[in-house]
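Structure first, commentary second.
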Amino acid sequence: MMTEQLDEYLQRLEEAAKLRRRSADWAYIESRPEPLRTALKLLVETGDLWYSSKLSGVPLDELNEERKRARIPLVVV
Amino acid sequence: MSLAVADTCFLINWLSFRRWEDIFKLFYRILLPSIMAPELRSQRIRSRVEELVYRGRLVILPRADYVDREALRIFNLVNSTPGLPRIDEPETYGLAYAALHGLPFLTDNASPKVAVRSLSSLKGVVVYDSLDLLVLLYRESELRTAVEEFMSDTSIVFSRERLREAGVGL
C-alpha cells in the first residue's frame, strides 16, 4: 500500500473515533458499573471490541450488546 | 467460493443481521478458529452457532502449530510496522489460517485489510468486511435496503468513503 493510501486509512480511523465519541450516550456509559464503564470508554477510543473486552474482562458478546445500548457504533472504514 | 474463515466479532454481528442466512449464498461453510469460540458466551449467539455446527454450515477449527507459527510471524510483522493499525491475537490466527489455505478472511476490523494491502508477504490474501459481503450479495436498491437494515440491526456504521466506493448513497 502506498504511503498516501495508508495515511488515508489512518485518517478514516481517526474520523471513526470522532464519530464514536459524538454518538456515544455518555450518561449511559457513566451509569454503568465497573469494569463495564471502562470497557465502554476504551471501546469509544479504540473501536476495538476484542481489545476492550480482553483488557476489561467483560465478555465479548456482553460488551457488544452494551455498546449497542450505549450507542457506540462500530465503524467499518 | 465455498469456505471462509470468520473473526468472532464479525460473526457475532453478522448473526444479528435479519438476513444473516444469506451469507451461505456466498460460502457453503464458515470456519471459526477454536481460539475464538470461548468468546461466544451469550445464549442467543451460542444457540445460533450450535445450530450452524449441527447443520454443517459452521466448523470450529482446531488449533494447529503450523498456523500458530504463521500467526506469530504476522502478529510480529504487523505490530512492529510503524503506521499499521494494531492486530489482535485471535484475529491474527484467523488471518494466518486463511492465508495458508488460500481462503477469504471475514472481519470488520481495519487491521487485517490494511495489512494485506501493505505487506508484500500477505499479498493476495483476500479480506472481506460486512460491506464487501453485502455488495457481493445484493444489487442496486436491494443493496441500499440491505445496508440500511444491516446498520440498524448491528449498530455497525460504514464510513462515508466506503459507502461511496461501494456505490451506496444513503
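Heads up: the protein sequence lines correspond to chains A and B, in order. This note's numbering puts the first residue of the first sequence at 3, with every later residue one more than the last. This note's numbering puts the first residue of the second sequence at 4, with every later residue one more than the last. Here a beta-carbon is modelled for each residue, glycine too, at the ideal position from N, C-alpha and C.
At a CB-CB cut-off below 8 Å, which residues of chain B make contact with residue 27(A)?
Indexing the first sequence from 1 puts residue 27(A) at position 25. Chain B residues near residue 27(A): none, gap ~12 Å exceeds 8 Å.
In this structure, does DSSP put residue 131(B) in helix, strand or coil?
To locate residue 131(B), count along the second sequence from 1; it is residue 128. Of the three classes helix, strand and coil, the one that applies to residue 131(B) here is strand, per DSSP.
So, under 8 Å CB-CB, residue 38(A) and residue 42(B) are touching, yes? Tell me the CB distance rounded to an integer number of Å.
For this step, residue 38(A) is matched to residue 36 along the first sequence. For this step, residue 42(B) is matched to residue 39 along the second sequence. Incorrect: roughly 17 Å between the Cβ atoms, too far for contact.
For residue 36(B), three-class secondary structure by DSSP
The residue labelled residue 36(B) in the question sits at position 33 within the second sequence. Residue 36(B): strand per DSSP, three-state reduction.
Does DSSP put residue 1(A) in a helix, a strand or coil?
The structure shown does not extend to residue 1(A), since chain A spans only 3 to 79, so no value can be given for it.
With a Cβ-Cβ cutoff of 8 Å, do residue 109(B) and residue 40(B) count as a contact?
By 1-based counting over the second sequence, the position of residue 109(B) is 106. By 1-based counting over the second sequence, the position of residue 40(B) is 37. No; because the gap between Cβ atoms is not below 8 Å, this pair is not in contact.
For residue 219(B), name the three-state secondary structure that DSSP assigns.
Limits of chain B in this structure are 4 at one end and 173 at the other, which puts residue 219(B) out of reach.
Amino acids of chain A, ordered along the chain, whose beta-carbon sits closer than 8 Å to that of residue 161(B)
As a working mapping, residue 161(B) is identified with position 158 in the second sequence. What residue 161(B) touches in chain A: 77 and 78.
State yes or no: is the C-beta of residue 171(B) within less than 8 Å of the C-beta of residue 142(B)?
One-based indexing of the second sequence puts residue 171(B) at position 168. One-based indexing of the second sequence puts residue 142(B) at position 139. In this structure, residue 142(B) does not lie closer than 8 Å to residue 171(B) by Cβ.
Got a sec: which bits of the region 43-74 of chain B sit with their beta carbon under 8 Å from any beta carbon on chain A, in order along the chain?
43, 44, 45 and 48
Alpha carbons only, please: which of 106(B), 132(B) and 152(B) is nearest the one belonging to residue 5(B)?
As a working note, residue 5(B) is residue 2 in the second sequence. Measuring from the Cα of residue 5(B), the nearest candidate turns out to be 106(B).
May I ask you to report which of helix, strand or coil DSSP gives residue 7(B)?
For the purposes of this step, residue 7(B) is taken as residue 4 along the second sequence, with counting starting at 1. If DSSP states are grouped into helix, strand and coil, residue 7(B) belongs with the strands.
At a Cβ threshold of 8 Å, is residue 164(B) touching chain A?
Stepping through the second sequence from its first residue, residue 164(B) is reached at position 161. Yes - at least one Cβ of chain A is within 8 Å of the one on residue 164(B).
For the region 86-156 of chain B, which segments carrying the alpha helix (DSSP H) assignment without a break, of at least 4 residues, lie completely within its bounds, in sequence order?
92-104, 113-121 and 133-140
For residue 16(A), count the other beta carbons within 10 Å of its own beta carbon; 16 or more makes it buried, fewer makes it exposed. Which is it?
What you label residue 16(A) is simply residue 14 of the first sequence in a count that begins at 1. Exposed, since its Cβ has fewer than 16 Cβ neighbours within 10 Å.
Is the region 93-102 of chain B in contact with the region 70-77 of chain A, if contact means three or more CB pairs nearer than 8 Å?
no
Pick out whichever of 140(B), 160(B) and 167(B) has its Cα sitting closest to the Cα of residue 21(A).
Working through the first sequence from its first residue, we reach residue 21(A) at position 19. It is 160(B).
Is it true that the CB of residue 77(B) sits closer than 8 Å to the CB of residue 99(B)?
The residue given as residue 99(B) occupies position 96 in the second sequence. The residue given as residue 77(B) occupies position 74 in the second sequence. Against a cut-off of 8 Å, the Cβ pair of residue 77(B) and residue 99(B) comes out as a contact.
Which residues does DSSP list as the beta-bridge partners of residue 60(A)?
Taking the first sequence and counting its residues from 1, the one referred to as residue 60(A) is at position 58. Bridge partners of residue 60(A): none, in fact.
Interface partners of residue 152(B) on chain A, CB under 7 Å:
Translated into the one-based positions of the second sequence, residue 152(B) becomes position 149. Going along chain A, no residue has its Cβ under 7 Å from residue 152(B), so there is no contact; the nearest lies around 15 Å.
Distance cutoff 8 Å, beta carbons only. Does residue 138(B) sit that close to anything in chain A?
In the second sequence, residue 138(B) corresponds to position 135, counting from 1. With 8 Å as the cut-off, residue 138(B) does not count as an interface residue toward chain A.
Can you find the residues in the same chain that come closer than 8 Å, C-beta to C-beta, to residue 37(B), ignoring five residues on each side of it along the sequence?
Position 34 of the second sequence holds residue 37(B). Here the set comprises 63, 64, 65 and 66.
Residue 5(A) classed as buried or exposed, judged by whether at least 16 other C-beta atoms fall within 10 angstroms
Here residue 5(A) refers to the residue found at position 3 of the first sequence. The residue in question, residue 5(A), is exposed, as its Cβ has fewer than 16 Cβ neighbours within 10 Å.
Following the continuous alpha helix (DSSP H) through residue 77(A), name the residue where it begins and the one where it ends.
By one-based count along the first sequence, residue 77(A) stands at place 75. Careful: residue 77(A) lies outside any alpha helix (DSSP H), inside the beta strand (DSSP E) at 76-78.
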